[in-house]
Amino acid sequence: MRVLLTGAAGFIGATIADQLREAGDEVVGVDLMIPAAHGAAEPPEGVHRLDVREATTDAWRGLLEGVDVVCHQAAMVGAGVTVSDMPEYAGHNDLGTAVLMAAMHEAGVSRMVQASSMVVYGEGRYVCAEHGHQAPGVRTTAALDGGEFENPCGVCGRALGWETVDEDARLDPRSSYAASKVAQEHYAVAWVRQAGAAAVSLRYHNVYGPGMPRDTPYSGVAAMFRSALERGEAPRVYEDGGQMRDFVHVDDVARANVLSMRAVLGADEGSHTAYNVCSGRPVAILDVARRVAAGTGSGIEPAVTGQYRLGDVRHIVASPARAAAELGFTAAVDPEDGLAAFATAPLRA
Numbered sequence: 001m002r003v004l005l006t007g008a009a010g011f012i013g014a015t016i017a018d019q020l021r022e023a024g025d026e027v028v029g030v031d032l033m034i035p036a037a038h039g040a041a042e043p044p045e046g047v048h049r050l051d052v053r054e055a056t057t058d059a060w061r062g063l064l065e066g067v068d069v070v071c072h073q074a075a076m077v078g079a080g081v082t083v084s085d086m087p088e089y090a091g092h093n094d095l096g097t098a099v100l101m102a103a104m105h106e107a108g109v110s111r112m113v114q115a116s117s118m119v120v121y122g123e124g125r126y127v128c129a130e131h132g133h134q135a136p137g138v139r140t141t142a143a144l145d146g147g148e149f150e151n152p153c154g155v156c157g158r159a160l161g162w163e164t165v166d167e168d169a170r171l172d173p174r175s176s177y178a179a180s181k182v183a184q185e186h187y188a189v190a191w192v193r194q195a196g197a198a199a200v201s202l203r204y205h206n207v208y209g210p211g212m213p214r215d216t217p218y219s220g221v222a223a224m225f226r227s228a229l230e231r232g233e234a235p236r237v238y239e240d241g242g243q244m245r246d247f248v249h250v251d252d253v254a255r256a257n258v259l260s261m262r263a264v265l266g267a268d269e270g271s272h273t274a275y276n277v278c279s280g281r282p283v284a285i286l287d288v289a290r291r292v293a294a295g296t297g298s299g300i301e302p303a304v305t306g307q308y309r310l311g312d313v314r315h316i317v318a319s320p321a322r323a324a325a326e327l328g329f330t331a332a333v334d335p336e337d338g339l340a341a342f343a344t345a346p347l348r349a
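In full-length UniProt numbering, the protein residues as written are 1 to 349.
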């Protein structure tokens, strides 16, 4: 299998490339390397520098020659820092994806696996013990300022419990990054129909592991906790730390991509399938900070700040059942072990 891998210099892309090469597959790597995430680093040997937002079909032609499937990992990630980030998310994630799909069609490449995210769901699935399932709206600043972080039942006002979300749940993005990932999936749906193609969108949960960028808000929360501990500082936990999430190791994410690439090669024309990529072992954010801190042996305890970000949701935990049934994917790394080991894993400067 010959694979064009975008985002090949990122920690997820590099892990995917390693697993593909170990299996005897051929990898053509492409990356832009956004300074906010990669600093001033140069692309690794064998990785082509290409800005997907500005690339023409001519620029892609040689790279796509003989390619069986494209694995599209290139994206600007994170919750965003300011409203001025919005054009960057739209450019890198949405325009870049559309340019790539157009070039693929021109080159006759009709199979793609793309990185999506659990942020497309917005809030997760909620239930009231008395009034059943509820769809909460956006949490108000007044409630958040008052330390009321849980979503209330729209009938009785009591705090809602959470349940896992499957891939058929509604898409309800709550941040500019989330909106860009929904748009990527919608482009994929349109592309497979118009181009007679097939695509898989992998909705990653919180990915962590060796090689994550350090000291940048355009990274995952686990890396931010890890960076603080490396500086001898307490990891800062937003809200009350009770937010439920799923943390999945980069090795498992890479394996899900490889399985998806092999599956999409045999998929029907016009098909698009989304899969949750998660460990299936939910954990509270405060416990994540504690596990990473414990792994350092420093004795530093996390600091619960009560601060919040308007783009954040309270609980989002998804079901891994479809990926297990259709791809044969089950995460191998338990977050309890993986997060402790991550405490001393190398980060990218």
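We put the beta carbon where it would ideally sit given N, CA and C, even for glycine.
Cα-Cα separation between residue i and residue j, rounded to whole angstroms
i: GLU269; j: VAL109; result: 12 Å
i: HIS249; j: ALA223; result: 12 Å
i: LEU310; j: ALA23; result: 43 Å
i: VAL52; j: VAL155; result: 48 Å
i: ILE12; j: VAL127; result: 34 Å
i: VAL3; j: GLU230; result: 36 Å
i: PRO335; j: SER201; result: 23 Å
i: THR56; j: LEU339; result: 41 Å
i: ALA8; j: ALA263; result: 21 Å
i: LEU5; j: HIS92; result: 15 Å
i: ALA274; j: ALA318; result: 12 Å
i: LEU327; j: MET261; result: 10 Å
i: ASN151; j: ARG314; result: 7 Å
i: GLY220; j: HIS186; result: 24 Å
i: GLY10; j: PHE225; result: 19 Å
i: ALA37; j: TYR208; result: Any reading at ALA37 must be qualified, since the residue scores a pLDDT of 49, below 50, and its modelled position is unreliable; no value is offered.
i: residue 410; j: ASP58; result: Absent from the structure is residue 410, since the part of the chain shown begins at 1 and ends at 349.
i: HIS105; j: LEU63; result: 13 Å
i: HIS72; j: LEU32; result: 13 Å
i: ALA197; j: ARG125; result: 32 Å
i: ALA267; j: ASN257; result: 15 Å
i: GLY161; j: VAL182; result: 25 Å
i: ASP312; j: ALA325; result: 30 Å
i: GLN19; j: MET1; result: 13 Å
i: VAL77; j: PRO213; result: 11 Å
Beta-ladder partner(s) of residue i, from DSSP
i: CYS71; result: LEU5, VAL113
i: ALA178; result: Per DSSP, none; premise fails for ALA178.
i: ARG236; result: ALA303
i: TYR275; result: LEU202
i: GLY137; result: DSSP, once it has assigned bridges, lists no residue as partnering GLY137.
i: PHE247; result: ASN206
i: GLU26; result: ARG2
i: TYR126; result: GLN134, TRP162
i: PRO87; result: The partner list for PRO87 (beta bridge, DSSP) is empty, contrary to what the question assumes.
i: ALA197; result: None; ALA197 has no bridge partner.
i: VAL47; result: GLY29
Residue i classed as buried or exposed, judged by whether at least 16 other C-beta atoms fall within 10 angstroms
i: PRO235; result: buried
i: PRO282; result: buried
i: ALA135; result: exposed
i: SER180; result: buried
i: SER298; result: exposed
i: GLN114; result: buried
i: ALA107; result: buried
i: PRO346; result: exposed
i: VAL83; result: exposed
i: GLU123; result: buried
i: THR140; result: exposed
i: ALA142; result: exposed
i: GLN307; result: exposed
i: HIS133; result: exposed
i: ARG111; result: buried
i: ALA159; result: exposed
i: GLY295; result: buried
i: ARG49; result: exposed
i: residue 353; result: In the structure as shown, the chain begins at 1 and stops at 349. Residue 353 is therefore absent and cannot be evaluated.
i: ASP85; result: buried
Beta-carbon gap between residue i and residue j smaller than 8 Å
i: SER279; j: TYR204; result: no
i: ARG322; j: ASP145; result: no
i: VAL120; j: ALA74; result: no
i: VAL304; j: ASP240; result: yes
i: LEU245; j: ASN276; result: Rather than Leu, the amino acid found at residue 245 in this sequence is Arg. Not in contact: ARG245 and ASN276 (Cβ atoms no closer than 8 Å).
i: SER176; j: TYR89; result: yes
i: GLY242; j: LEU286; result: yes
i: ALA17; j: TRP60; result: no
i: VAL237; j: PRO302; result: yes
i: ALA332; j: GLY211; result: no
Supposed close pair residue i, residue j - CB separation, criterion 8 Å
i: PHE329; j: ARG255; result: 7 Å
i: ALA199; j: ALA188; result: 4 Å
i: GLN194; j: ASP94; result: In fact, because the Cβ distance is near 17 Å, the residues do not count as touching under 8 Å.
i: LEU265; j: ASP68; result: 6 Å
i: VAL292; j: ALA343; result: 5 Å
i: ARG21; j: VAL27; result: 6 Å
i: ARG174; j: VAL138; result: 7 Å
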